[in-house]
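2 protein chains.
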Amino acid sequence: MPPINRDYNSRCRCAQLESRIIPPDNLRSIKVVPEGPHCPETEIIAGLANGAKVCLNPRSSWVKRLVQFVLQKQKQV
Amino acid sequence: MPPINRDYNSRCRCAQLESRIIPPDNLRSIKVVPEGPHCPETEIIAGLANGAKVCLNPRSSWVKRLVQFVLQKQKQV
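For the record, the sequence lines run as chains A and B. Sequential numbering of the first sequence, starting at 1, is according to the numbering used here. Sequential numbering of the second sequence, starting at 101, is according to the numbering used here.
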């Protein structure tokens, strides 16, 4: 049985998906929850600058690019 | 001034980085927090099956591959 806590509930967390593109400047975090026994869909939850959370479509190419952008954006050493 | 809440504090959240590889089966979520005024480093926080959270090195190639894997793993339609 999966642990129940605020980050891993026993059900899907996204009731609806935001289809509008999130500008990177407006993005504060992006959380990827793989599909599993709790939910048959991978879920992507974006935290916005205004504190809101929205669910993104993991199949959207712009969403995949957004994750890439965030990973690449960091300062290079 | 950035909003203060449990997901966007005014400081870095990772005190130390886990260097061991996380098997995908042990991963429940992965959160990417871009660098910003609150923290000069991109932070990647993995939620594990046992409920623990660990910080991963955003510069590690295996960490980038892990994020890719999770994004690609979903069922194709």
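Even glycine gets a Cβ: it sits at the ideal position worked out from N, Cα and C. Small disclaimer: the values here were computed from a predicted structure and weren't measured.
1. At a Cβ threshold of 7 Å, is A:S19 touching chain B?
2. Just how far apart, CA to CA, sit B:I130 and A:L27?
3. Work out the CA separation of A:R20 and A:S60 for me, nearest whole Å.
4. When you compare each of A:L71, A:P23, A:R11 to A:P90 by their alpha carbons, which one comes out closest?
5. For a quick check, are the C-beta atoms of A:V32 and B:V163 less than 7 Å apart?
6. What number of angstroms, rounded off, separates the C-alpha of B:V154 from the C-alpha of B:I144?
7. Quick one: grab the DSSP three-state call for B:L117.
8. From what residue to what residue does the beta strand (DSSP E) around A:R28 run?
9. What are the uninterrupted segments assigned as alpha helix (DSSP H) that are 4 or more residues long and contained completely in the region 38-74 of chain A, given in chain order?
10. Between A:V54 and chain B, is there a C-beta pair that is closer than 7 Å?
11. Between the Cα of A:P58 and those of B:L117, B:Q168, B:P124, spot the shortest distance and give me the residue it belongs to.
12. What number of angstroms, rounded off, separates the C-alpha of A:P2 from the C-alpha of B:L148?
13. Taking a cut of 8 Å between CB atoms, which residues from the region 121-138 of chain B lie near chain A?
14. Less than 7 Å between the beta carbons of B:A146 and B:I122, yes or no?
Straight from the coordinates:
1. no
2. 16 Å
3. 11 Å
4. As shown, chain A starts at 1 and ends at 77. That puts residue 90 of chain A outside it, with no answer to give.
5. no
6. 8 Å
7. coil
8. 27-33
9. 61-73
10. no
11. B:Q168
12. In this prediction, A:P2 scores a pLDDT of 40, lower than 50, which makes its location untrustworthy; the coordinate-derived value is nonetheless stated afterwards. When rounded, the distance between both Cα atoms is 11 Å.
13. P124, L127, R128, S129, I130, K131, V132, V133, P134, E135, G136
14. yes
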